[in-house]
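Here the structure comes first, spelled out in structure tokens, and everything after it is commentary.
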Amino acid sequence: MLQRKWSLADIKQWLENRSEEEQPLQEATAWEILEALEGREEELAPVYRAQLYALLASARLERTGQLDPVIERWQERAATLSPESGFVQRITCQIMLKKIGNQLRLPEFPVIRETDHSSAKKKAANDYRRIAQRFFSFEKELTAEWERGRDLLLQQKEGERLERLYQLMTELKQPFSRILEATGEYADSVQGIYYSAAQFKQIKQAEADIKLLFSRLDELLPQSAEEQEPEALVELQSLIGLNEVKERIAKLHRFLHYQKERQEQGFQIKDGMAMHMILTGNPGTGKTHLARVIAKIYYELGLLTRDEVYEVDRAALVGAYVGQTEEQTQKAIERALGGVLFIDEAYSLRRADASGNDYGQAVIDTLVSAMTSGKYAGQFAVILAGYPAEMRTFLRSNPGLRSRFPEQNHIHLPDYTIDELLQIGAKMALENDYMLTQGAKRELQRRIERAAVDESFGNARTVKNLILEAIFEKGAELTLTEAKADDFVFLDAEHFQANEETEQAAIQSLEALVGLKAVKREIKQLTSFADVQQKRREQGLQALPLQLHAVFTGNPGTGKTTVAELFAKALHEIGLLKRGHLVVAGRADLVAGYVGQTAQKTKELIRDALGGVLFIDEAYALLSAGKGDFGMEAIHTLVQEMTVHQENLVVILAGYEQEMERLLASNPGLRSRFKKQLSFDDYTKEELVEIVLERAEQADYRFSGRAKSILETEVMLKKHPANARYAVDVFERLVQLQALRLQEQQAHDAEQLMTITEEDLRLLVTEGGHK
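Now the structure itself:
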């Protein structure tokens with residue numbers, strides 16, 4: 006669930022148990038609670054709101070390692086809300102210690118040489134003076150802050166350390182004061198190479214005293230821990246989701262550790278350590294990242310001498326002539342020695358339709374040889390990665406290669422859930438020092454759901470792109486002169502909507518079409534039913550199954566494709582279809598000329614249509630024309646795929662009524678899935694006239710009164726078999742005739758350019774262009 010409903014009891018309980026959450030999650034959750042409290046802040050006692058702001062300040066300080074205006078503002082809010090809160094005071098101590106550590110550093114004193122000319126000596130004296138002035142400015146600010154909260158801060162664990170720091174700062178005032186006094190007199194005494202030795206001695210003595218005091222100061226400041234790479238299993242556990250994968254890798258780690266221990270005790274391992282691995286998963290599921298973690302595990306166990314991963318693909322391995330492939334593969338193996346050779350989309354090495362001069366098999370042969378024998382065996386690990394279905398096919402076709410990868414080393418990375426992707430998005434935003442508001446999370450969820458249509462969905466990769474796109478929109482819209490501190494921290498819903506197109510609602514567009522009264526009623530009824538069932542599902546009520554596949558029957562030009570496109574948009578607008586696009590296809594797009602290819606071709610077309618509507622025009626053409634025709638294979642595949650993808654795909658079959666009836670009778674599965682049939686009547690003469698006039702208005706043309714009369718009485722005498730296409734053709738022909746007339750008359754004012762006249766209509770009738 007995206008947005009939790011925070012009660013006051015929930016908030017208090019979370020504050021008491023927050024240590025169970027990771028630091029980034031604490032920061033995000035604290036802000037989520039404060040957003041949920043907006044407008045009802047007084048319901049929660051100030052001490053709890055103060056803890057939330059203090060937690061935000063502390064988490065941000067720990068994450069960034071730097072003080073900034075946002076941290077200081079949150080800390081001030083916390084201190085204002087509850088100055089006596091122990092938690093708030095602990096955070097205040099942390100921030101003050103950080104401020105001292107950041108700003109109170111041993112200065113780099115200038116060098117004064119006896120041989121320097123007077124100008125260099127005076128410059129050095131002024132540099133000393135500026136250093137002392139900066140110290141006093143900082144000391145004044147921090148002393149005032151310390152004095153304001155001294156009694157409360159001393160109650161905290163770090164309070165005593167802070168007091169000793171301020172005592173040292175007081176001691177530092179004396180040598181810095183001597184520098185201020187001595188540098189002025191020293192600068193005045195300098196003439197040429199001559200100077201006051203007494204003042205010079207005072208300056209150097211003060212410098213020595215300052216360095217001594219700073220050595221004591223460093224002992225009191227918290228030492229920043231050196232950044233160390235986390236152990237591989239710790240890093241793995243910190244990843245979002247992938248619970249089964251984590252368990253598999255942990256078991257593998259224990260097994261390899263056990264095998265290594267047996268080997269060290271002298272037991273023989275005939276088949277060697279099983280390090281080679283297969284990783285399968287859709288894009289963005291973390292295959293490359295997991296390969297790096299596995300490399301670290303092998304290194305930590307001493308199985309490999311390096312924890313590096315060398316990544317290659319087909320282009321880096323396969324050459325263009327005999328011998329080049331083996332050479333390039335050998336170089337890749339040598340480059341990966343001691344570490345891991347990672348081959349992405351490994352199945353591309355062996356193509357089913359490859360010609361005789363494709364050298365992908367040479368890569369496999371060279372690789373297998375290096376993995377199993379010779380000087381490189383056991384000196385590197387191979388990890389093959391790719392999409393699940395393609396990898397299965399690839400390994401089945403290469404039994405020699407498959408035998409080198411034991412079953413326990415085959416790991417599948419599942420797609421992330423929506424909740425996991427939202428966590429990943431929030432984490433990625435934090436890594437770029439941004440936080441997502443609740444509005445941003447809702448919009449991010451909508452964008453993710455819209456993109457997650459088929460196996461091509463990029464999972465974490467897509468989420469990363471959405472976050473970076475939102476950051477770009479944030480920066481592109483911001484006016485720096487008006488920016489506040491929060492403008493550099495938060496991403497809101499509008500930043501995820503920037504590239505969204507705003508269009509007229511589909512049902513409104515449908516209503517605007519000429520004619521089609523019965524069809525409009527049916528489409529509105531279908532979309533209303535789908536919308537209500539969707540809302541029932543969201544409310545936890547039982548929802549009836551949706552029967553949205555349809556058959557559109559009617560003559561050409563009656564609006565079947567246009568209505569299908571608007572139907573797709575309408576289903577997208579109510580949240581049923583994720584993309585809402587229309588894919589128009591015919592027999593040639595589904596049927597191939599060889600056994601097995603039609604099913605694959607049909608599946609690929611369906612994949613393109615997922616999240617939208619697949620519109621198959623003249624669908625009865627799929628009926629087999631004779632022996633060796635694969636149309637029925639396309640129909641069977643279509644029925645199967647409709648069952649697999651369910652509400653992620655809507656199929657519309659279109660064509661003449663009698664032929665469509667024959668198609669539905671050919672396959673019982675078709676009949677049961679296409680229960681809704683919409684009949685598109687031919688346009689009447691009046692409707693065809695209306696289409697012409699509407700088309701003209703959309704294109705900034707208009708008919709004179711007499712021209713309109715001729716259109717109604719002499720051009721559109723009756724309905725036409727081409728229907729709307731005929732009306733559009735009439736308009737386009739009239740525009741061409743008008744252009745010819747205007748060119749001959751040299752008449753080009755706005756009124757003339759817009760008007761289609763009686764003369765244009767007469768010429769159309771004379772030429773027979775309306776038939």
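Sequential numbering from 6 applies to the sequence shown in my numbering.
By construction, the Cβ of each residue, glycine as well, lies at the ideal position given by its N, Cα and C atoms.
Shown here for I76: same chain residues with a beta carbon closer than 6 Å to its own, the five before and five after excluded, namely A62, R65 and L66 in chain order. Cβ atoms of T567 and L518 come within 8 Å of each other, at about 7 Å. The Cβ atoms of L218 and E176 sit closer than 8 Å to each other. Relative to the Cα of G617, the nearest Cα in the group K606, V649, A639 and N653 belongs to N653. For K380, the three-state secondary structure derived from DSSP is coil.
Burial check for P180: the Cβ neighbour count within 10 Å reaches 16 or more, so the residue is buried.
DSSP lists V556 as the beta-bridge partner residues of Q682. Comparing C-alpha distances from G520 to each of I696, L766 and A211 shows the shortest one belongs to I696. Here the region 379-388 makes contact with the region 295-306; the two share three or more CB pairs at distances below 8 Å. Ranked by Cα distance from I348, the first of L308, I283 and S402 is I283. Here L747 is near H753, since their CB atoms are less than 8 Å apart. For H294, the secondary structure class from DSSP, reduced to helix, strand or coil, is helix. Between P393 and G286, the C-beta spacing is below 8 Å. Between A35 and W11, the gap from beta carbon to beta carbon reaches 8 Å or more. Distances from the CA of R401 to each of P419, Y352 and A382 were compared; the closest alpha carbon is that of Y352.
Cβ-Cβ distances below 8 Å link N560 to Y661, F685, D687, P726 and N728 in the same chain, with the five nearest sequence neighbours on each side left out; the list follows chain order. Within a 10 Å sphere around the beta-carbon of H122 sit fewer than 16 other beta-carbons, which makes this residue exposed. In the DSSP assignment, I388 forms a beta bridge with M282 and F347.
When secondary structure is reduced to three states using DSSP, I657 falls in the strand class. Bounds of the alpha helix (DSSP H) holding E67 are P51 to T69.
Beta-bridge partners of H417 (DSSP): T285. With at least 16 other beta carbons inside 10 angstroms of its own, R584 counts as buried. Distance between K251 and R676, taken at the CA atoms: about 46 Å.
Q651 is classed as exposed because its beta carbon has fewer than 16 other beta carbons within 10 Å across all chains shown. If you ignore the 5 residues before and after I512, its C-beta comes within less than 6 Å of the C-beta of A575, all in its own chain and listed in chain order. Setting aside the 5 residues that flank it on each side, I472 is surrounded in the same chain by G430, M433 and A434, each with a C-beta closer than 6 Å to its C-beta; the list follows chain order. Residue state for Y439 is assigned as coil, using DSSP reduced to three classes.
By the beta-carbon neighbour count (other beta carbons within 10 angstroms, threshold 16), R82 is buried. Straight through space, the alpha carbons of A481 and Q384 are spaced by roughly 50 Å. Here E212 carries a helix assignment [DSSP, helix/strand/coil].
T334 has no beta-bridge partner at all, per DSSP. Within 10 angstroms of the beta-carbon of M440 lie 16 or more other beta-carbons, which makes it buried. Shown here, D622 sits in a strand according to DSSP, grouped into three states.
Closest option to A375, judged by alpha-carbon separation, among E332, V537, P411 and L449: E332. Taken through DSSP and simplified to helix, strand or coil, L167 comes out as helix. Distance check between E692 and each of M759, A597, A712 and K522 places K522 closest, using alpha-carbon atoms only.
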